[in-house]
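Mapping to UniProt numbering: the sequence shown position 448 is 448, numbers consecutive.
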Amino acid sequence: MSLAKWKLDLTNAGTRTVNRVMDSSLNPPGYSQAGTTVQQIEQTGDNEQTHHLMKKRAWDMALQPVKSLPMNLFMMYMSGNTISIFPIMMIAMMAWRPVKALMNVNSAFKPLQDEHVGSLLLHKLVFVLGNMIAIAMALYKLHSMGLLPNHASDWLDFQLPPQRMQYSFELKKGHDDGIGCANRSSYWYCINFGFRQFAKKENAQWSSIAIRNGNIVFIFTTCKGRDEDFVKHLNIHGDSVRDVSFLTNDINATVKHIIEEGGFLIRPIEIVADDDGFVKSAVIGLPECDVRHTLLDSKTYQGFFLPRYEQYDCSSDILKSLKEISIVSVDHFVINYPVDFVQPVSHYYHKIFDFEEIWSSDESVFSSSYSAMKIVLLGNKSRTIQIGLTEPIPKILGIRGQIQEFLDYNGGAGVQHIAFLVDDIIQTAERMKCRGVKFIAIPDQYYTDLEERLSTSPVKLLENFEKIKQLRILMDFDSHGYLLQIFTQPVQDRPTLFFEVIQRNNFNGFGDGNIKALFNAVEKEQEKRGTLHHTS
Numbered sequence: 001m002s003l004a005k006w007k008l009d010l011t012n013a014g015t016r017t018v019n020r021v022m023d024s025s026l027n028p029p030g031y032s033q034a035g036t037t038v039q040q041i042e043q044t045g046d047n048e049q050t051h052h053l054m055k056k057r058a059w060d061m062a063l064q065p066v067k068s069l070p071m072n073l074f075m076m077y078m079s080g081n082t083i084s085i086f087p088i089m090m091i092a093m094m095a096w097r098p099v100k101a102l103m104n105v106n107s108a109f110k111p112l113q114d115e116h117v118g119s120l121l122l123h124k125l126v127f128v129l130g131n132m133i134a135i136a137m138a139l140y141k142l143h144s145m146g147l148l149p150n151h152a153s154d155w156l157d158f159q160l161p162p163q164r165m166q167y168s169f170e171l172k173k174g175h176d177d178g179i180g181c182a183n184r185s186s187y188w189y190c191i192n193f194g195f196r197q198f199a200k201k202e203n204a205q206w207s208s209i210a211i212r213n214g215n216i217v218f219i220f221t222t223c224k225g226r227d228e229d230f231v232k233h234l235n236i237h238g239d240s241v242r243d244v245s246f247l248t249n250d251i252n253a254t255v256k257h258i259i260e261e262g263g264f265l266i267r268p269i270e271i272v273a274d275d276d277g278f279v280k281s282a283v284i285g286l287p288e289c290d291v292r293h294t295l296l297d298s299k300t301y302q303g304f305f306l307p308r309y310e311q312y313d314c315s316s317d318i319l320k321s322l323k324e325i326s327i328v329s330v331d332h333f334v335i336n337y338p339v340d341f342v343q344p345v346s347h348y349y350h351k352i353f354d355f356e357e358i359w360s361s362d363e364s365v366f367s368s369s370y371s372a373m374k375i376v377l378l379g380n381k382s383r384t385i386q387i388g389l390t391e392p393i394p395k396i397l398g399i400r401g402q403i404q405e406f407l408d409y410n411g412g413a414g415v416q417h418i419a420f421l422v423d424d425i426i427q428t429a430e431r432m433k434c435r436g437v438k439f440i441a442i443p444d445q446y447y448t449d450l451e452e453r454l455s456t457s458p459v460k461l462l463e464n465f466e467k468i469k470q471l472r473i474l475m476d477f478d479s480h481g482y483l484l485q486i487f488t489q490p491v492q493d494r495p496t497l498f499f500e501v502i503q504r505n506n507f508n509g510f511g512d513g514n515i516k517a518l519f520n521a522v523e524k525e526q527e528k529r530g531t532l533h534h535t536s
């Protein structure tokens with residue numbers, strides 16, 4: 001074995017250099033000078049992997065708002081357009097999360113900000129853009145729900161708010177005196193039912209006046225000259241409901257579905273516009289009935305009502321002196337049909353509007369000694385629209401029941417009555433009576449029987465029973481709640497259209513328990529009018 005050799009260099013003063021020359025044979029087993037190079041290569045590889053992972057994490061962070069957009073769209077769809085605590089909370093969270101993220105952009109990327117990643121400017125821009133899109137979607141949803149203060153009426157007291165209808169009923173009015181009929185008829189509804197005139201549209205041929213109470217809009221239309229279709233309609237039906245309009249959020253898809261299902265499209269989609277935007281509308285027909293449904297898509301319209309209508313108020317000192325009547329919305333409306341039409345018309349509504357059958361009954365429930373009727377109640381999934389379809393069931397030859405009476409004097413199928421949903425039926429009935437509304441009389445025996453049934457029921461009546469009896473209000477109930485309802489007499493010369501006032505206290509029925517009393521009361525009114533018996 002050779003020994004290590006040491007050399008001492010004394011030629012440089014004050015400096016001692018030691019040089020060790022080692023023989024490779026003295027190296028320990030497994031040792032290699034190449035190890036240092038391998039270690040340097042492995043360290044370089046680790047740096048590249050760390051750089052790649054940090055870049056990936058940065059892009060994951062940047063794209064996170066974009067990835068959440070489909071879920072936001074789903075939340076927008078599920079929340080609907082109803083104003084209640086659940087959808088409002090959903091949209092509020094949907095808006096707050098991106099706002100909070102934008103306030104903490106640097107904090108979100110701080111753990112990734114080092115020499116391995118480099119500049120994160122592009123990542124931050126993508127992150128900000130995704131959150132801004134989410135905020136825009138939330139704002140659009142709030143706008144469609146009517147929760148943004150983006151109308152002049154939100155800031156100025158003298159501006160009328162935009163009208164968002166639940167229902168709009170168009171009533172055809174007129175005889176020989178032209179525009180006076182729409183004016184007088186609309187004013188009569190304001191006097192009797194507490195509506196208020198708020199909009200008017202007219203041209204050389206037509207005049208329309210709109211009144212409202214709560215979410216309900218009535219439009220009275222009359223012809224100034226001679227229109228053949230208008231004259232024909234009046235000759236057959238008299239003053240009547242011509243159109244029941246519904247709001248839709250996507251009229252293109254709705255009309256496409258109606259056509260595919262064989263619906264009667266009277267007028268295709270048209271756009272009416274003015275300085276406040278535009279409204280899309282289409283008109284749908286019904287089987288064997290002159291009543292039609294106008295579909296309105298007004299979600300982007302910023303005007304106070306509909307295009308080409310002007311603000312109109314003809315309030316008098318008499319109207320201002322009367323106590324206010326507050327109606328919430330339409331609870332339901334009923335269309336009367338001839339025998340054997342209810343089932344096919346019900347199927348038609350189900351096909352074109354996807355309405356569901358809520359409830360149905362036959363003569364075993366809806367009957368009196370003289371007459372009977374069949375009824376089917378339909379509604380959309382949210383129950384914001386409820387339609388009753390009825391037809392007569394003859395029982396005694398020569399007796400004309402209330403449904404047949406309507407059909408005879410209306411010249412066929414049509415809207416028989418509209419039910420106003422209210423929060424306080426006692427106050428509403430009292431104020432309507434003071435204004436001149438005539439209600440159907442219910443006999444005392446009904447209230448004797450009602451009081452006896454209530455005495456054995458777990459339901460607790462919040463209203464004063466003596467007031468209910470005094471006002472002749474009907475009541476139906478079960479173990480969970482109750483319903484109060486009262487019916488007007490026909491509001492015009494022909495015994496056709498009348499109105500119902502209804503209050504619900506945890507009760508979804510439609511007054512089955514009142515049918516016998518109601519039938520008897522209506523038949524007494526028919527006897528007074530001389531229309532109970534057929535004369536031909």
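Cβ coordinates follow ideal geometry from the N, Cα and C atoms, glycine included.
Between the options, which has its C-alpha nearest residue i's C-alpha?
{"i": "Phe355", "options": "Ile387, Asp478, Phe507", "result": "Ile387"}
{"i": "Lys320", "options": "Arg400, Cys190, Gly513, Ile219", "result": "Cys190"}
{"i": "Gly412", "options": "Ile85, Asn235, Asp229", "result": "Asn235"}
{"i": "Arg504", "options": "Ile426, Ser186, Val272", "result": "Ile426"}
{"i": "Val279", "options": "Asn249, Gly263, Gly285, Glu261", "result": "Asn249"}
{"i": "His533", "options": "Gln489, Met78, Glu405, Ile133", "result": "Glu405"}
{"i": "Glu466", "options": "Pro458, Thr456, Leu450", "result": "Leu450"}
{"i": "Phe333", "options": "Met137, Phe246, Ser186, Ala108", "result": "Phe246"}
{"i": "Lys516", "options": "Gly401, Gly277, Ser107", "result": "Gly401"}
{"i": "Val437", "options": "Phe487, His480, Pro443, Ser479", "result": "Phe487"}
{"i": "Lys524", "options": "Ser185, Arg308, Tyr370, Ile85", "result": "Tyr370"}
{"i": "Leu421", "options": "Cys314, Gly513, Phe499, Tyr446", "result": "Phe499"}
{"i": "Leu389", "options": "Ser368, Phe341, Ile399, Arg431", "result": "Phe341"}
{"i": "Gly481", "options": "Asn106, Leu497, Phe510, Tyr309", "result": "Phe510"}
{"i": "Ser329", "options": "Pro443, Gly262, Asn213, Thr294", "result": "Asn213"}
Using the Cα positions of residue i and residue j, report the straight-line distance between them to the nearest angstrom.
{"i": "residue 539", "j": "Pro98", "result": "No statement about residue 539 is possible, as the shown extent of the chain runs from 1 to 536 and does not include it."}
{"i": "Gly414", "j": "Asp227", "result": "21 Å"}
{"i": "Asn238", "j": "Leu454", "result": "Note that residue 238 is Gly in the sequence shown, not Asn. Each residue's alpha carbon lies about 43 Å from the other."}
{"i": "Val501", "j": "Gln343", "result": "27 Å"}
{"i": "Val339", "j": "Glu391", "result": "5 Å"}
{"i": "Gln302", "j": "Ile219", "result": "20 Å"}
{"i": "Tyr348", "j": "Arg242", "result": "19 Å"}
{"i": "Glu260", "j": "Asp229", "result": "28 Å"}
{"i": "Ala199", "j": "Val244", "result": "18 Å"}
{"i": "Ile375", "j": "Asn131", "result": "52 Å"}
{"i": "Lys67", "j": "Asp478", "result": "50 Å"}
{"i": "Ser315", "j": "Ile209", "result": "13 Å"}
{"i": "Thr50", "j": "Met103", "result": "28 Å"}
{"i": "Asn506", "j": "Lys460", "result": "11 Å"}
{"i": "Ser360", "j": "Met78", "result": "29 Å"}
Let me confirm a value: residue i is counted as buried when at least 16 other C-beta atoms fall within 10 Å, else exposed. Which label applies?
{"i": "Asn252", "result": "exposed"}
{"i": "Phe193", "result": "buried"}
{"i": "Glu288", "result": "exposed"}
{"i": "Thr300", "result": "exposed"}
{"i": "Thr428", "result": "buried"}
{"i": "Ile352", "result": "buried"}
{"i": "Ser457", "result": "exposed"}
{"i": "Ser185", "result": "buried"}
{"i": "Thr15", "result": "Residue confidence is low: Thr15 scores 49 on pLDDT, short of 50, so the model does not pin down where it sits. Its coordinate-derived value is still stated next. Result: exposed."}
{"i": "Met89", "result": "exposed"}
For residue i, which of helix, strand or coil comes out of DSSP?
{"i": "Arg226", "result": "coil"}
{"i": "Cys289", "result": "strand"}
{"i": "Pro65", "result": "helix"}
{"i": "His52", "result": "helix"}
{"i": "Leu160", "result": "Its pLDDT being 49, under 50, Leu160 is placed unreliably in this model, and the value from its coordinates should be taken loosely. In the structure shown, Leu160 sits in coil (DSSP, three-state: anything other than H, G, I, E or B)."}
{"i": "Met432", "result": "helix"}
{"i": "Asp340", "result": "coil"}
{"i": "Tyr312", "result": "coil"}
{"i": "Ser207", "result": "strand"}
{"i": "Ala413", "result": "coil"}
{"i": "Met103", "result": "coil"}
{"i": "Asp493", "result": "coil"}
{"i": "Lys232", "result": "helix"}
Report, in whole angstroms, the separation of the C-beta atoms of residue i and residue j, which I expect to be a contact under 8 Å.
{"i": "Met475", "j": "Leu462", "result": "Actually they do not touch by this definition, with Cβ atoms about 12 Å apart."}
{"i": "Ala282", "j": "Arg292", "result": "Contact flag wrong, Cβ pair sits at about 10 Å."}
{"i": "Gln489", "j": "Ile440", "result": "6 Å"}
{"i": "residue 561", "j": "Phe127", "result": "Outside the shown range of the chain (1 to 536) lies residue 561, about which nothing can therefore be said."}
{"i": "Asn336", "j": "Leu286", "result": "That pair is no contact at about 12 Å."}
{"i": "Ile91", "j": "Ala58", "result": "So it is not a contact: roughly 30 Å between Cβ atoms."}
Could you check whether the Cβ of residue i sits closer than 6 Å to any heavy atom belonging to the ligand COA?
{"i": "Glu405", "result": "This structure lacks the ligand COA; in fact it carries no ligand of any kind."}
Shorter than 7 Å from the beta carbon of residue i to some beta carbon of chain D?
{"i": "Gly285", "result": "Considering every chain present, this structure includes no chain D. It has just one protein chain."}
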